[in-house]
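Shown next, in structure tokens, is the structure this report addresses.
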Amino acid sequence: MTIGEIRRQTTARLRPVAGDLAALEGDRMLGFLMNCGPTELTLRAGNAIQSADEEKLATFVADRLTGRPLAYVIGHVEFYGLDLLCDPRALIPRPETEELVAAALDCLPEPRSVIRPLAVDIGTGSGNIALAMANQRPDLHIIGTDIDRQALILADENRRRLDLGTRVQLVGGRSLTMFRPAAIFDLIVSNPPYVVPGDPNLDRSVVDFEPHVALFAGPSGLEILFELLVGAEILLKPGGWVVSEIGFGQGNEIRDFLRTRPIWGDPVIHRDLAYIERILTVQRRR
Ligand SMILES: C[S@@+](CC[C@H](N)C(=O)[O-])C[C@H]1O[C@@H](n2cnc3c(N)ncnc32)[C@H](O)[C@@H]1O
Numbered sequence: 023m024t025i026g027e028i029r030r031q032t033t034a035r036l037r038p039v040a041g042d043l044a045a046l047e048g049d050r051m052l053g054f055l056m057n058c059g060p061t062e063l064t065l066r067a068g069n070a071i072q073s074a075d076e077e078k079l080a081t082f083v084a085d086r087l088t089g090r091p092l093a094y095v096i097g098h099v100e101f102y103g104l105d106l107l108c109d110p111r112a113l114i115p116r117p118e119t120e121e122l123v124a125a126a127l128d129c130l131p132e133p134r135s136v137i138r139p140l141a142v143d144i145g146t147g148s149g150n151i152a153l154a155m156a157n158q159r160p161d162l163h164i165i166g167t168d169i170d171r172q173a174l175i176l177a178d179e180n181r182r183r184l185d186l187g188t189r190v191q192l193v194g195g196r197s198l199t200m201f202r203p204a205a206i207f208d209l210i211v212s213n214p215p216y217v218v219p220g221d222p223n224l225d226r227s228v229v230d231f232e233p234h235v236a237l238f239a240g241p242s243g244l245e246i247l248f249e250l251l252v253g254a255e256i257l258l259k260p261g262g263w264v265v266s267e268i269g270f271g272q273g274n275e276i277r278d279f280l281r282t283r284p285i286w287g288d289p290v291i292h293r294d295l296a297y298i299e300r301i302l303t304v305q306r307r308r
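Numbering (the numbering used here), first residue to last: 23 to 308.
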């Protein structure tokens with residue numbers, strides 16, 4: 023079979039589960055196997071596909087048809103220009119979290135203004151945020167924490183593959199509880215669990231396949247963020263920043279909470295590409 027034929031066939035087979043994204047997902051699978059992008063697939067449309075690739079593609083498609091998300095099927099995801107291992111030990115890194123990374127990088131002290139800025143990423147999951155930030159800022163030291171041991175093992179695998187082990191540390195535990203009470207961090211970044219249990223807008227494939235410890239906080243969805251903000255009052259240097267992803271419609275409750283804690287400056291909540299309030303940035307007063 024030619025690459026052009028298998029592309030058309032794969033798109034048709036994926037349609038029931040991937041809908042309008044079927045062609046994109048098929049190209050992602052084939053491109054992953056052949057180590058190339060969609061343009062090269064088009065240029066090679068008349069070439070025969072290798073039988074090993076055809077067989078592997080068939081297993082990818084069958085797996086995807088069970089409803090398993092594409093990133094888990096392939097076992098890889100691209101995040102902030104990095105190729106990361108991705109499997110059900112941790113949440114699949116989302117595109118909106120790339121906006122969180124960009125906002126967090128903006129809040130770091132200028133290079134050379136302090137020696138080695140120190141940051142912590144709470145709930146590091148696959149390590150995506152900590153690794154992307156360390157990759158962008160060669161002077162940064164960042165600690166990734168997670169309550170889930172399996173997620174930390176995956177983060178460690180990603181850290182080794184990217185050779186970022188000297189500047190990215192990984193620590194197990196809840197929120198900020200593992201750090202001694204001193205103002206040590208320039209930045210605290212997090213994409214905490216913030217989904218309210220029973221949220222009707224949550225996709226079936228998310229609930230069925232992604233780890234629940236990565237999704238759900240408590241009844242309000244804000245429990246883990248608020249715990250983090252209280253801990254940050256002690257662990258953040260004066261002038262340091264908290265940058266956190268937040269859930270749909272949580273902005274006002276977060277603003278109300280911060281208003282009761284005079285240590286914080288005025289919060290800014292940035293909207294994502296869908297114009298939803300998504301990224302909180304707030305500075306500890308100097
Ligand atoms: C929404 S996921 C984010 C994962 C990854 N940082 C990302 O952006 O894709 C939240 C992560 O926080 C971890 N977690 C849940 N509760 C936690 C807590 N109380 N303290 C630290 N980590 C926690 C979960 O295991 C999960 O890996």
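Using N, Cα and C, we set each Cβ at its ideal position, and we do this for glycine too. If you're wondering where the values come from, they're calculated on a predicted model, not measured in any experiment.
Q) Whose CA, out of L184, S148, L140 and A124, lies closest to the CA of I165? A) Cα-wise, what sits closest to I165 is L140.
Q. Quick one: is S242 buried, meaning 16 or more other Cβ sit within 10 Å of its Cβ, or exposed?
A. That one is exposed.
Q: Give the range of the beta strand (DSSP E) segment to which G89 is assigned.
A: If you look at G89, you'll find it isn't in any beta strand (DSSP E); DSSP assigns it neither H nor E.
Q) Which class does R37 belong to by DSSP, given the choice of helix, strand or coil? A) Assigned with DSSP and collapsed to three states, R37 falls in helix.
Q: With hydrogens ignored, establish whether the beta-carbon of R309 is closer than 6 Å to any heavy atom of ligand 1.
A: Because the chain in this structure spans residues 23 to 308, residue 309 falls outside the shown range and cannot be described.
Q) For the stretch 92-178, which segments carrying the beta strand (DSSP E) assignment without a break, of at least 3 residues, lie completely within its bounds, in sequence order? A) The stretch 92-178 contains these whole beta strand (DSSP E) runs: 98-101, 104-107, 140-144 and 163-168.
**Q.** Nearest neighbour of L122, chosen from R308, H292, L192 and R306 [CA to CA]
**A.** Ranked by Cα distance from L122, the options R308, H292, L192 and R306 are led by H292.
(Q) Just to confirm the assignment: which complete alpha helix (DSSP H) runs, minimum length 4, are found wholly within the stretch 163-250? (A) List check, alpha helix (DSSP H) in window: 171-183 and 226-231.
Q. Would T282 be called buried (16 or more neighbouring beta carbons within 10 Å of its own) or exposed?
A. Classified as exposed, T282 has fewer than 16 neighbouring CB atoms from the shown chains inside 10 Å of its CB.
Q. Out of F270, E255, N180 and Q272, which has the shortest C-alpha to C-alpha gap to V264?
A. The candidate whose alpha carbon is nearest that of V264 is E255.
Q.
Give me the residue from F54, A93 and L113 with the minimum Cα distance to E76.
A. For E76, the closest of F54, A93 and L113 by C-alpha to C-alpha distance is F54.
(Q) Could you compute how far the alpha carbon of A45 sits from the alpha carbon of P284? (A) Straight-line measurement puts the Cα of P284 at about 52 Å from the Cα of A45.
Q: Could you check if E27 is buried or exposed, using at least 16 other CB atoms within 10 Å of its CB as the buried criterion?
A: It counts as exposed.
Q.
If I measure Cβ to Cβ from L186 and keep anything under 7 Å in the same chain, skipping five residues before and after, which residues do I get?
A. When the five nearest sequence neighbours on each side are left out, the beta carbons in the same chain lying within less than 7 Å of the beta carbon of L186 are those of L153, A156 and N157, in order along the chain.
Q) Going by DSSP, what residues sit across from V264 in a beta bridge? A) The bridge partners DSSP lists for V264 are I210 and V304.
Q.
For S212 and S266, which I take to be in contact (beta-carbon distance under 8 Å), what is that distance rounded to the nearest angstrom?
A. Taking a contact as a CB-CB distance under 8 Å, the pair S212 and S266 counts as one, their CB atoms being some 5 Å apart.
Q: Kindly indicate which three-state DSSP category A44 falls into: helix, strand or coil?
A: Reduced to three states, the DSSP call for A44 is helix.
Q. Is T61 helix, strand or coil when you go by DSSP?
A. The DSSP-derived three-state label of T61 is helix.
Q | Cα-Cα separation between Q172 and D230, rounded to whole angstroms | A | If I take the Cα positions, the gap works out to 18 Å.
Q. Alpha carbon to alpha carbon, how far is E179 from T119?
A. Between E179 and T119, the C-alpha separation is close to 20 Å.
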